[in-house]
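Reading through the structure tokens given below for one structure.
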Amino acid sequence: MNLMNRRSLFGSFAALTLLQSLPVQAATPMVHVYKNPTCGCCTGWVEHLKSAGFSVEVTETDETSAVRQRLGVPDRLGSCHTGIAGGYAIEGHVPAADIKRLLAMRPEAVGLAVPGMPVGSPGMEYGDRKDSYKVLLIDRKGRETVFASYPAQRAPSKS
Ligand SMILES: [Cu+2]
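Residue numbering for the sequence shown follows the numbering used here, starting at 10 and increasing by one per position.
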């Protein structure tokens, strides 16, 4: 077998392997997360996504605000990390269930944001305390509407 034939044979194998792997990849939603290397709650959120069945790729960067700007997330809605899922920006501690709903609905939008770092959101667990927070849908003009609301939960008092 000459070199040309060997190359094309390898090429076919590669193409075949790629085709076989595609259905599996499509079934596992993928999130690419940009986070500061020292951010602990960002890692908490990554773990939350993984346990919800997402495959996660992490890029550590000190320029998280540049990533946010590139994706069209207004600074006032910013948090500690930015993810990309199915072409959407996922800013901050957005629950995995809301990302799945977004990917199923596929609206015309920039993506989702949980501004700041509300206590009790995924990755921001702090004992039993859960503050209320909202998941916002950002449209292409940078305006937000409420996508999901999470009420505050008080731990039962131990008296
Ligand atoms: Cu955080």
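Where is the CB? At the ideal position from N, CA and C, for every residue including glycine.
- The beta carbons of A161 and S130 sit no closer together than 8 Å.
- Taking a 10 Å sphere around the C-beta of A94, we find 16 or more other C-beta atoms and assign the residue as buried.
- Here DSSP, grouped into helix, strand and coil, assigns R85 to helix.
- In the DSSP assignment, the residues bridged to A94 are Y97.
- Under DSSP, E66 takes part in a beta bridge, and its partners are H41.
- In this structure, V155 lies away from V123, with their beta-carbon atoms at least 8 Å apart.
- Sixteen is the threshold: since fewer than 16 other Cβ atoms of the shown chains lie within 10 Å of the Cβ of Y135, the residue is exposed.
- Considering only A105, R152 and L112, the residue with the shortest C-alpha distance to Y97 is L112.
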